Amino acid sequence: MGFIIRLLVNALALYLLTQVYGGVSFAPGADVVGVLIAALVMGIVNALIRPVLLLLSLPVNVLTLGLFTLVVNGVVLYLVAAVTALNVNGFGAAIIGALILTVISWVLDAVVGALGLDGKGE
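This is the structure we're talking about:
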């Protein structure tokens, strides 16, 4: 049940990102399934590829006091856009979109936690 809730939260975060930021959008004709697939791919990329990218960029990340993580998050969003119905208007838009997506996801996670839907209150 937790996986489904996490998938839905990620899908909602991606959809809200496309509504508040014009640099990231879904392809015309993309439906709910396309949004869910993009959220699933985002979860897989965050679980498998993002840790490798963070490890490889560790020296640069230390030198920039962690700010290079924004670039890594932009690369992740750009990778997701490359294989799904998500469209990103350039790498700069990917970095800004990843920053906005982080804030949206944080707020949605807080709401889900406050409602007790995350399963951590048991």
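Count along the sequence shown starting at 1, add 1132, and that's the number in my numbering. Ideal placement from N, C-alpha and C gives every residue a C-beta, glycine not left out. For clarity, every value in this text was computed on a predicted model and none was experimentally measured.
Residues bridged to residue i [DSSP beta-bridge criterion]
i            : result
residue 1218 : 1158
Buried versus exposed, by CB contacts within 10 Å (16 or more), residue i
i            : result
residue 1197 : exposed
residue 1248 : exposed
residue 1133 : exposed
residue 1222 : exposed
residue 1156 : buried
residue 1224 : exposed
residue 1161 : exposed
Cβ-based neighbour list, residue i, same chain, cut-off 8 Å, excluding 5 preceding and 5 following
i            : result
residue 1244 : 1137, 1141 and 1250
residue 1212 : 1170, 1173, 1174, 1177 and 1218
Distance cut-off 7 Å: residue i Cβ against heavy atoms of the ligand ATP
i            : result
residue 1244 : With respect to the ligand ATP, the structure offers nothing, as it holds no ligand at all.
Residue i and residue j closer than 8 Å at C-beta
i            : j            : result
residue 1240 : residue 1144 : yes
residue 1232 : residue 1172 : no
residue 1227 : residue 1202 : yes
residue 1158 : residue 1219 : yes
residue 1200 : residue 1192 : yes
Chain D within 8 Å of residue i, Cβ atoms only
i            : result
residue 1241 : This model lacks chain D altogether; it includes just one protein chain.
7 Å CB neighbourhood of residue i in its chain, flanking five on each side removed
i            : result
residue 1204 : 1182, 1185, 1186 and 1189
Anticipated Cβ contact below 8 Å, residue i with residue j, distance rounded
i            : j            : result
residue 1147 : residue 1229 : That belief does not hold up - the Cβ atoms of residue 1147 and residue 1229 are roughly 13 Å apart, past 8 Å.
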